[in-house]
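In our numbering, the protein residues as written are 3 to 563.
Shown next, in structure tokens, is the structure this report addresses.
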Ligand code: ADP
Ligand code: MG
């Protein structure tokens, strides 16, 4: 079971003013500095109230925002108190500060909004009457009247910064602010996938995000051109109600030209954390084309005492205790998500294929490995059973497996295998006969030295290399390879070595050789792409084949199949 981040009984929680000692412990900061901040604070309140439907309307020119939710609502007493200074129902004393499971806890947002705008809140607890309250600039209830609304809360902020023109002046254009609002809602939606979001801008429909079982379904809605199948979802239970949830863009299918989709959340909120970002980036090293960046969302749900929010008053930056351990868990999780066996065989899909094959194979005909069991957790984590059946154009290995068939490009599959081996044991050996190199620049010499290859002057514009990577040493083109290595850093050198040593396309392979290659390739850490980021295989899933061949047409008796 996942830890619930929403205090279920918040309706019963009384709003109280925080004692002065607690206020002094809370990192103080300007909560409301933009339209996006208004949306963030109100949406977070709606989430804390357990809402599953949140509708947000923004009128930037009127500096107006309205957020409506179907959460627990507030009774009249709480409603009249909610905009006072340091009033909150979420914590009550300094001990609670270390057990925070809600998004808010400082009791400052509504109060600041009362100061900075005209604030109105309508709210209704299920089974009771609904009320509308207007607040003065001190956050005191000014007018109260009954109102007919559905259970939940509607907060309207009007004329934000009307008396603080200087603050408006310092803000970006309306269009930019709207982009920030959108991004922020995207982030909240990823962290709270069970919520339906409806957004309007100047009374017009803007965008909606439908609820999904998990962040996988949300991410697929947020990125244009990225489909559900292009993403991989992976969840790891960490015990004690803790978990890490990972959604990655499969590196052979999607990536970004900017580093804008590397996102990390902790307990329902997107946060900045340099250490974790580094971990995420490293996990994708050498899986993407040059200058491309991964799509990755990681949501860590951990017990509150693991978190040190004090890095940043707006809770946007955090530090985790036991950082190394979380980093290790996350990179392991990503490594698992990058494996082949985890995709293609997602539960429902596999069962469907199983049935389909069974139905069409009862009468014989289609020869495919039939060992399809309904997907259990174990079978998902097992390796794919790939069987080499042919070589095409001396370049592609045709392999079949229980749910379809794959074309694997032999050269880059081998390159991936060798690259990972080389990284694990980059061995330089002494050459029997030194290799003579000419026309080396100063930088090339330095590069060779950094990589560890010994080079001595041999004559005018001539040098002798006395060591070389083991894999290249016995090759005829070793000198060329060393020149290549002199062009880059260690990682580039390793890629170049793997590329050179891998079997070329155009080389005939026996079935046995292909099978060995497939198995070694499947066991690599990043089987989807070569170290240059090219996709290694093309999959033709049985479901797609059966759709293409309209196999559902011929299941009837009349065709005798
Ligand atoms: P905080 O969220 O830090 O407690 P706020 O000023 O944002 O402080 O809100 C004050 C209190 O008002 C909350 O603790 C909560 O009890 C109540 N409240 C605010 N918004 C809502 C809402 N949308 N639904 C139910 N209660 C709300
Ligand atoms: Mg709040």
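Glycine included, C-beta positions come from ideal geometry on N, C-alpha and C.
Per DSSP, the unbroken alpha helix (DSSP H) holding residue 47 starts and ends at 37-50.
DSSP places residue 453 outside any beta strand (DSSP E); the residue lies instead in the alpha helix (DSSP H), whose first and last residues are 444-453.
Under the rule that a run must span 3 or more residues, the beta strand (DSSP E) segments found entirely inside the region 146-198 read 154-160. With contacts defined as CB atoms closer than 8 Å, residue 134 and residue 142 fail to qualify as a contacting pair. Set against 7 Å, the gap from the CB of residue 71 to the closest heavy atom of the ligand ADP is smaller.
In the DSSP assignment, residue 221 falls within the unbroken alpha helix (DSSP H) covering 217-224. The nearest non-hydrogen atom of the ligand ADP is 7 Å or more from the C-beta of residue 269. In this structure, residue 84 has its CB closer than 7 Å to one or more heavy atoms of the ligand ADP.
Note on geometry: alpha-carbon atoms of residue 464 and residue 501 lie some 26 Å from one another. Sixteen is the threshold: when 16 or more other Cβ atoms of the shown chains lie within 10 Å of the Cβ of residue 163, as they do, the residue is buried. Annotated as distal: residue 54 and residue 80, with beta-carbon spacing of 8 Å or more. The region 58-65 makes no contact with the region 263-271, as fewer than three CB pairs between them are under 8 Å. Note that the region 185-203 does not touch the region 83-91; fewer than 3 beta-carbon pairs, one per stretch, sit closer than 8 Å.
For residue 304, the three-state secondary structure derived from DSSP is coil. Between the ligand MG and the CB of residue 46, the shortest heavy atom gap is smaller than 7 Å. Going by DSSP, residue 523 is part of the alpha helix (DSSP H) stretching over 513-524. Not one heavy atom of the ligand MG falls within 7 Å of the beta-carbon of residue 214. DSSP, read as helix, strand or coil, puts residue 527 in coil. Contact between residue 397 and residue 508 is confirmed by a C-beta separation of about 7 Å, below the 8 Å threshold. In the DSSP annotation of this structure, the continuous segment of the beta strand (DSSP E) that includes residue 411 starts and ends at 406-411. Beta bridge pairing from DSSP links residue 299 with 249 and 265. In this structure, DSSP gives residue 460 an extended state, which the three-state scheme calls strand. Residue 43 has its CB nearer than 7 Å to a heavy atom of the ligand ADP. In this structure, the C-beta of residue 52 stays at least 7 Å away from each heavy atom of the ligand MG. Residue 45 is not a Cβ neighbour of residue 34, given a cutoff of 8 Å. Around the beta-carbon of residue 245, 16 or more other beta-carbon atoms lie within 10 Å, marking it buried. Residues of the same chain with a CB within less than 7 Å of the CB of residue 256, apart from the 5 flanking positions on each side, are 228, 232 and 297 in chain order. Pairing residue 98 with residue 50, the inter-Cα distance amounts to about 16 Å. An exposed status is given to residue 554, since fewer than 16 other beta-carbon atoms sit within 10 Å of its beta-carbon. In this structure, residue 106 has its CB closer than 7 Å to one or more heavy atoms of the ligand MG. Excluding its 5 nearest sequence neighbours in each direction, residue 434 has no C-beta neighbour in its own chain below 7 Å.
Beta bridge pairing from DSSP links residue 393 with 399. Scanning its chain for C-beta atoms nearer than 7 Å, with the 5 sequence neighbours on each side dropped, one finds around residue 447 the residues 457, in chain order. Pairwise C-beta distances place the region 524-534 in contact with the region 410-426, as three or more of them are shorter than 8 Å. The Cβ atoms of residue 130 and residue 77 sit closer than 8 Å to each other. Going by DSSP, residue 475 is part of the alpha helix (DSSP H) stretching over 472-475.
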